[in-house]
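There are 2 protein chains.
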Amino acid sequence: MSLDGQLPPKMRLLRAAAELLAKSAGAPVSTRQITQLAGVTAPTLYHHFGDKEGLFDAVVAAGFEEYVAGERDFAPSGQPLEDIRRMWDNHVQFGLNQPELYLVMFGNIRPESRPAIVADAEALMEEMLNKAAAAGQLNVQPREAARSILAANVGVTLMLIAEPASERNLELSTMTRDAMIFAVSAEPASGPAPGGTGKSSVVVAAIALNAALQASHSDQLSSSELKLFLEWLHRISTSPAG
Amino acid sequence: MSLDGQLPPKMRLLRAAAELLAKSAGAPVSTRQITQLAGVTAPTLYHHFGDKEGLFDAVVAAGFEEYVAGERDFAPSGQPLEDIRRMWDNHVQFGLNQPELYLVMFGNIRPESRPAIVADAEALMEEMLNKAAAAGQLNVQPREAARSILAANVGVTLMLIAEPASERNLELSTMTRDAMIFAVSAEPASGPAPGGTGKSSVVVAAIALNAALQASHSDQLSSSELKLFLEWLHRISTSPAG
DNA sequence: TCAGTTCATATAGCAACGCTATAGGTGCTA
DNA sequence: TAGCACCTATAGCGTTGCTATATGAACTGA
Chain A
18 MSLDGQLPPK MRLLRAAAEL LAKSAGAPVS TRQITQLAGV TAPTLYHHFG
68 DKEGLFDAVV AAGFEEYVAG ERDFAPSGQP LEDIRRMWDN HVQFGLNQPE
118 LYLVMFGNIR PESRPAIVAD AEALMEEMLN KAAAAGQLNV QPREAARSIL
168 AANVGVTLML IAEPASERNL ELSTMTRDAM IFAVSAEPAS GPAPGGTGKS
218 SVVVAAIALN AALQASHSDQ LSSSELKLFL EWLHRISTSP AG
Chain B
18 MSLDGQLPPK MRLLRAAAEL LAKSAGAPVS TRQITQLAGV TAPTLYHHFG
68 DKEGLFDAVV AAGFEEYVAG ERDFAPSGQP LEDIRRMWDN HVQFGLNQPE
118 LYLVMFGNIR PESRPAIVAD AEALMEEMLN KAAAAGQLNV QPREAARSIL
168 AANVGVTLML IAEPASERNL ELSTMTRDAM IFAVSAEPAS GPAPGGTGKS
218 SVVVAAIALN AALQASHSDQ LSSSELKLFL EWLHRISTSP AG
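First to last, the sequence lines map onto chains A and B. Numbers given in my numbering equal positions in the first sequence, counted from 1, plus 17. Numbers given in my numbering equal positions in the second sequence, counted from 1, plus 17.
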């Protein structure tokens with residue numbers, strides 16, 4: 018029940034802290050747990066890391082190496098915005114794979130004291146956005162874009178971590194991701210714009226849906242279902258009190 | 018040095034906790050501090066609130082009242098999306114005005130345990146988005162839109178709180194805000210949804226009708242008919258591509 | 001070779017923490 | 001007046017982060 022291999026105590030402390038942090042389902046990890054698992058006593062921890070936070074910072078630094086490695090671990094696709102998309106997804110996945118570590122890294126917010134890790138992550142994203150800017154694909158400054166995208170990325174990841182694993186819906190991530198990337202990109206808008214000048218009445222909405230259904234050929238309903246659906250739609254849209 | 022007015026101990030505890038929380042610049046607040054300021058002893062706290070977290074939850078509940086009041090404290094502009102914008106700004110301002118309280122409310126993330134406050138805030142935003150949907154101004158489900166917008170809103174607010182007050186740049190907020198609102202909106206002049214996956218007018222119309230039906234109480238269909246009708250409507254409005 | 005110095009670890013314990021077993025006081029109802 | 005429910009206090013438990021002090025090991029210079 019101890020990590021007393023040949024490694025020096027400093028390493029054993031780091032590994033013990035990381036391991037306990039990963040296993041502790043949100044519960045706080047005590048220095049006594051850590052030192053016991055590492056097979057050392059309290060003063061050793063404070064000799065090497067100053068205090069508990071110093072140890073955690075060191076663990077975070079190691080975690081950040083892994084994070085950065087993940088963020089770089091794919092060949093540039095040649096499309097910077099596509100790479101940003103992958104960075105986003107990697108960020109979310111990192112958070113979901115190691116939620117405790119992620120919370121220490123990005124969730125441990127204190128007023129007026131910015132974790133260094135956030136600045137690093139921003140720099141990483143800004144670097145990638147610079148390529149997009151160089152390719153004329155950005156309509157805002159890379160730094161502002163990076164801050165904005167990262168803020169949303171962290172917000173989404175925190176939300177997903179807070180949800181029960183069974184209810185997690187990654188569509189929240191992809192939707193927010195594409196919204197942010199689209200907003201900073203300079204791609205010329207193309208395609209038809211849906212018309213939605215309707216008022217809030219049920220009747221108007223039903224009529225609009227009716228017209229839209231007639232025009233398109235949606236196959237979400239079978240023909241018999243569609244027939245009945247249209248009949249009800251008609252009944253609603255001819256309702257006197259909308 | 019104590020809040021021992023005529024108020025009952027329960028109230029004094031609540032006020033003491035709120036006051037210490039507001040003043041403690043990020044530092045943790047102990048139960049001993051709270052009980053001393055309130056002029057009571059430890060068991061009183063645990064009698065009324067169960068444990069420390071229960072007391073904090075009560076403080077948060079009071080804070081949430083204030084938050085909700087702020088979110089509703091403006092006359093509806095008639096333009097739901099403009100109201101969403103104001104909700105966003107109010108959210109950020111609330112966080113910057115009371116960072117400690119905000120961090121307890123939205124920053125205290127633990128894996129797999131969602132703060133009730135988040136669900137409430139989502140419901141609040143979803144309510145507003147329903148109006149936008151009813152007006153045909155949304156191209157995604159109000160619930161998904163609310164989750165996405167709120168996630169980004171929280172992320173931005175946390176980032177701003179973490180920054181030194183002198184460096185805070187609210188443009189981060191407005192930029193992210195407009196990006197999110199634009200992404201979920203179906204405004205004609207605005208172009209298609211991000212990524213080129215524009216929703217067809219059928220989907221927009223179906224979402225609008227759905228919202229309108231929820232809002233009104235049309236009796237044109239029987240309850241069993243309505244149930245099936247809504248199910249089909251859902252199938253249409255979640256269709257991957259019109 | 002050996003005293004002097006530095007580094008690294010252990011023993012033991014402090015103050016503060018969240019929390020509680022137990023008991024006493026208060027005010028209401030019967 | 002008796003009984004009961006509610007509320008608060010005394011005192012203290014176990015755990016927390018951290019440290020004053022001491023001991024051993026390794027290196028250094030004469």
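All residues carry an ideal CB built from backbone N, CA and C; glycine is no exception. Only a predicted model underlies this, so the values are computations on that prediction, with no experimental measurement involved.
Min CB distance residue i to chain A below 8 Å
| i | result |
| --- | --- |
| Thr48 of chain B | no |
| Gln115 of chain B | no |
| Val173 of chain B | yes |
| Glu82 of chain B | no |
| Met197 of chain B | yes |
| Glu143 of chain B | no |
| Ala39 of chain B | no |
| Arg29 of chain B | no |
| Gly124 of chain B | yes |
| Arg102 of chain B | no |
| Leu120 of chain B | yes |
| Ala262 of chain B | Chain B is shown only over 18 to 259; residue 262 of chain B falls outside these bounds and no answer can be derived. |
Beta-carbon proximity of residue i to residue j, cut-off 8 Å
| i | j | result |
| --- | --- | --- |
| Ala44 of chain A | Ala79 of chain A | no |
| Ile178 of chain A | Leu113 of chain A | yes |
| Gly172 of chain B | Val171 of chain A | yes |
| Ala39 of chain B | Glu117 of chain B | yes |
| Tyr84 of chain B | Phe66 of chain B | no |
| Ser202 of chain A | Leu98 of chain A | yes |
| Met176 of chain B | Ala168 of chain A | yes |
| Ala163 of chain B | Leu155 of chain B | no |
| Pro159 of chain A | Glu143 of chain A | yes |
| Ile166 of chain A | Met122 of chain A | no |
| Leu62 of chain A | Leu30 of chain A | yes |
Any C-beta of chain B under 8 Å from that of residue i
| i | result |
| --- | --- |
| Gly43 of chain A | yes |
| Phe73 of chain A | no |
| Ser240 of chain A | no |
| Glu88 of chain A | no |
| Ile7 of chain A | Residue coverage of chain A in this structure runs from 18 to 259, which leaves residue 7 of chain A outside it and unanswerable. |
| Ser94 of chain A | no |
| Trp105 of chain A | no |
| Thr193 of chain A | yes |
| Ala150 of chain A | no |
| Leu187 of chain A | no |
| Phe246 of chain A | yes |
| Ala33 of chain A | no |
| Pro97 of chain A | no |
Which of helix, strand or coil DSSP assigns to residue i
| i | result |
| --- | --- |
| Leu187 of chain B | coil |
| Ser19 of chain A | The predicted position of Ser19 of chain A is uncertain, since its pLDDT is 48 and thus under 50; a value taken from the coordinates is nonetheless stated next. Here Ser19 of chain A sits in coil by DSSP. |
| Arg127 of chain B | strand |
| Leu24 of chain B | coil |
| Leu155 of chain A | strand |
| Ser202 of chain A | strand |
| Ala44 of chain B | coil |
| Gln53 of chain A | helix |
| Leu238 of chain B | coil |
| Glu139 of chain A | helix |
| Gly80 of chain B | helix |
| Asp90 of chain A | coil |
| Gly67 of chain A | coil |
| Pro181 of chain B | coil |
| Gly95 of chain A | coil |
TODO: Give, in chain order, every residue of the region 126 to 138 of chain B whose Cβ lies closer than 9 Å to some Cβ of chain A.
DONE: Ile126, Arg127, Pro128, Glu129, Ser130, Arg131, Pro132, Val135
Task: Segment contact, 8 Å Cβ cut-off, at least three pairs: the region 91 to 107 of chain A with the region 50 to 67 of chain A - done: no
- [ ] Could you run through the region 153 to 169 of chain A and flag, in chain order, every residue whose CB is less than 9 Å away from some CB of chain B?
- [x] Val157, Glu161, Ala162, Arg164, Ser165, Ile166, Leu167, Ala168, Ala169
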